[in-house]
Structures are given as structure tokens and as C-alpha cells.
Amino acid sequence: MSANALTARPVRREYIPLVVTSVLLVSLFVAGSVSYESFFSGQVLLNLLIDNAFLLVVAVGMTFVVLTGGIDLSVGAVVALSTMLCAWLVESHGWPPLLVIPLVLAVGAGGGFVMGWVIHTFEIQPFIVTLAGMFLARGLCYTISIDSISITDPTFTAFAQTRIPLPGGLFVSPSVVIAVLVLAAAFVVLHHTRLGRNVYALGGSEQSALLMGLPVARTKITVYAVSGFCSALGGVLLTFYMLSGYGLHAVGLELDAIAAVVIGGTLLTGGSGYLLGTALGVLVLGLIQTVISFQGTLSSWWTRIVIGGLLFVFILLQRLISGAGRRRA
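For the sequence shown, my numbering begins at 540 and goes up steadily by one.
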């Protein structure tokens with residue numbers, strides 16, 4: 540095959556949103572570097588990961604759910620509940636963090652398991668079930684305390700203040716390492732295990748998955764348990780980041796997670812998407828916020844406005860791509 544033939548080969552349809560997201564990320568960074576003197580820095584990029592490590596973990600769990608054609612609106616409330624449980628048990632009851640953190644992760648995974656079971660068993664729309672889960676988790680926060688609970692535990696503060704040095708005087712936080720490990724583990728699961736193949740098959744067509752004899756019930760329940768676990772872990776990372784638990788933490792985070800997944804190229808109807816795209820989507824959201832903060836005169840609400848516009852554009856792009864695919868078929 541000649542070089543001209545290779546360069547002329549069109550990009551596969553499912554890769555187009557991923558390519559667009561990559562170009563958008565590079566364009567935002569270049570625009571910021573040109574506009575602001577201290578923007579062009581490796582630490583600025585690493586700060587995106589430091590500030591959004593918890594969102595990346597939550598978005599990984601959301602990717603599993605969206606790939607099956609579902610949705611999880613409870614993730615932000617579960618994050619807040621996790622911060623409250625950590626702060627309450629550690630500060631008010633003196634429990635050791637090594638006991639509290641596994642308990643919080645178990646609560647998150649258990650809540651996701653229950654929602655997945657209800658969705659499958661009673662054939663209720665995920666939107667309704669996870670909306671109920673969102674109200675329940677957010678309400679439980681206020682049964683613990685209506686005020687913010689600050690954390691002074693030495694283990695939490697030491698973890699929060701730790702910097703992992705990198706070459707060139709750069710650094711990351713331990714939360715970034717955890718988020719990257721979660722992303723890597725999820726990548727292996729989705730692309731190299733039977734569960735991952737079942738997730739894509741279920742998102743492609745649940746009826747076809749049933750006819751092929753795939754474990755639809757187990758897969759559906761598992762993805763919501765994974766989302767609950769990732770939400771709880773994201774809550775633990777946010778607790779380290781904020782050193783507090785509060786019922787108003789992570790308000791609207793479920794929309795940020797969904798936006799990161801969609802901007803990353805995962806179809807809302809399920810069956811197509813990549814975790815790399817989700818990671819790029821999280822970086823795009825963080826970079827938008829960074830550019831606006833460097834600008835200095837714009838309100839933080841402009842972040843929401845820009846993200847909303849991007850989400851609208853990417854949903855239209857998905858629709859156009861899927862429509863073109865059906866016409867070819």
C-alpha cells in the first residue's frame with residue numbers, strides 16, 4: 540500500500556468525536572499560551588489533573604453506565620455523602636481513616652448495586668431510579684450535619700499536603716496517581732475482559748445481547764456498582780482535596796461527569812466510546828475553567844455557559860455521525 544493511500548484513508552466514524560476533542564484540547568492550550576504569559580507550563584497541565592482527579596474517577600464510572608445506554612444522576616450526591624461520612628466518622632467518632640475509607644467505598648458500591656438491581660428487576664428507567672438515589676444520598680448528608688465538617692486528622696492532612704516530585708521541578712498529588720490507576724484498570728476491564736465486551740454489547744442492543752445469551756442482568760447491575768464505587772472514591776479524593784465534608788459539595792458534578800463523557804466521544808445511546816476520550820473530556824472541562832480564571836474579568840458561570848455550548852455541539856455531532864452511519868447501512 541502506497542504512502543498516499545495511507546494518508547488518504549478516512550478516519551473511522553466512531554473516532555471523529557475523539558479527534559475533535561483532541562484538537563479542541565490542543566487549541567485551548569495554544570490559545571491560553573498565546574493570551575497569557577505564564578500559561579504555557581507543564582505544571583498548568585498537571586494542575587488540571589490535580590484539580591480534577593476526583594472528577595476523572597467519577598467520569599470513569601459514568602462511562603461504564605453510559606456505554607450500556609444508561610445514566611447515573613446520583614454520582615454528585617454520592618460524592619457529597621462520601622465526604623460527609625469521611626469527615627463525620629473521622630472527626631466526630633475518631634475512627635481511623637484506614638477503616639473509614641473502605642467502608643465509604645463499600646457504601647458507594649452497595650448503593651450502585653441496589654440501583655442497578657432495581658433498574659433491571661423492575662424495568663424502570665435509569666433516569667428515575669438514579670434521580671431517587673440522588674435525592675436519597677443528598678438527604679442523608681443533611682441527617683449527618685447541615686454544616687461543613689472540617690478534617691484535622693493527621694493522616695488526611697498529610698495525604699492532602701503530599702507532593703510527588705517529577706522531573707523539571709514539576710509535581711502531582713497522590714490523588715492524581717490514584718485517578719490514573721483507576722483509569723488504567725478501567726481501560727483493561729473495558730477492552731480486555733469479558734465484562735467489557737458485555738458492556739459494549741449491552742449498549743449496542745439489549746435485545747440482541749439477550750438473544751446471544753449474554754448475562755444482561757449481571758452486567759447492568761455491575762456497571763451501576765462500578766459507578767457507585769467510583770463516585771465514593773471520587774468523594775474520598777475530594778475529601779483529601781477540600782479537607783472537609785459538606786452536603787453541598789459536588790452540586791452539579793453529575794452534569795460535569797456526563798459532559799466529560801459525551802465530549803470525550805461516548806454515545807449517549809450506548810455501545811460506542813473510549814475511556815481515553817473521557818479523560819480528554821475531563822481535561823477540556825478543566826482547561827476551560829483555567830482559561831477563564833486566567834482571564835480574570837469573567838464570572839465563573841461562564842465555565843457553565845461554555846461547557847453547555849460544547850455539550851450541545853457534541854450531541855449534534857454524535858447525531859450527525861450516527862445518522863450518516865445509518866444512511867450508509
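Here a beta-carbon is modelled for each residue, glycine too, at the ideal position from N, C-alpha and C.
- Look at valine 801 here: in three-state DSSP terms it is helix.
- Here proline 636 is near phenylalanine 695, since their CB atoms are less than 8 Å apart.
- Leaving aside the five residues that flank tyrosine 681 on each side, the residues in its chain whose CB is nearer than 6 Å to its CB run, in chain order, Gly786.
- A direct Cα-to-Cα measurement between threonine 842 and alanine 756 gives close to 38 Å.
- Taken through DSSP and simplified to helix, strand or coil, phenylalanine 710 comes out as strand.
- In this structure, the beta-carbon distance from isoleucine 760 to phenylalanine 652 falls below 8 Å.
- Counting the other Cβ atoms within 10 Å of the Cβ of phenylalanine 666 gives fewer than 16, which makes it exposed.
- Isoleucine 685: not part of any alpha helix (DSSP H); DSSP gives it neither H nor E.
- Taking C-beta atoms as the reference points, valine 775 and serine 621 count as a pair closer than 8 Å.
- DSSP, reduced to helix, strand and coil, places glycine 784 within a strand of the structure shown.
- For isoleucine 703, the three-state secondary structure derived from DSSP is strand.
- Nearest C-alpha to tryptophan 656 among Leu644, Thr669 and Ala645: Thr669.
- By the criterion of a C-beta distance shorter than 6 Å, glycine 581 is surrounded in its chain by Leu709, once the five residues flanking it on both sides are discounted.
- By the criterion of a C-beta distance shorter than 6 Å, alanine 798 is surrounded in its chain by Ile846 and Leu850, once the five residues flanking it on both sides are discounted.
- Here phenylalanine 779 carries a helix assignment [DSSP, helix/strand/coil].
- Going by DSSP, glutamine 664 is part of no alpha helix (DSSP H) at all; its letter is neither H nor E.
- Its Cα nearest to that of alanine 619, the residue Leu772 stands out among Ala764, Glu576 and Leu772.
- If the five residues before and after isoleucine 854 are omitted, its C-beta is found closer than 8 Å to the C-beta atoms of Val801 and Leu807, all from its own chain and listed in chain order.
- C-alpha of asparagine 737 to C-alpha of valine 823: approximately 29 Å in a straight line.
- Only exposed fits leucine 750, as fewer than 16 other CB atoms lie within 10 angstroms of its CB.
- For leucine 564, the enclosing alpha helix (DSSP H) begins and ends at 555-574.
- The way I'd put it, the stretch 622-635 does touch the stretch 674-691; three or more beta-carbon pairs between them come closer than 8 Å.
- By the neighbour-count criterion, in which 16 or more other beta carbons inside 10 Å mark a residue as buried, isoleucine 831 falls on the buried side.
- One alpha carbon belongs to threonine 560, the other to glycine 825, and they sit about 13 Å apart.
- Spatial neighbours of isoleucine 640 in its own chain (CB-CB distance under 6 Å, excluding positions within 5 residues in sequence) are listed in chain order as Val775.
- A direct Cα-to-Cα measurement between leucine 594 and proline 754 gives close to 30 Å.
- Sequence-distant Cβ neighbours of tyrosine 813 in its own chain, meaning closer than 8 Å and more than five residues away, are Leu557, Gly803, Gly804 and Thr805.
- The three-state reading of DSSP puts arginine 551 in coil, since its state is none of H, G, I, E or B.
- At a Cβ-Cβ threshold of 8 Å, glycine 752 and glycine 810 do not count as neighbours.
- By the neighbour-count criterion, in which a residue is buried when 16 or more other Cβ atoms sit within 10 angstroms of its Cβ, histidine 730 is exposed.
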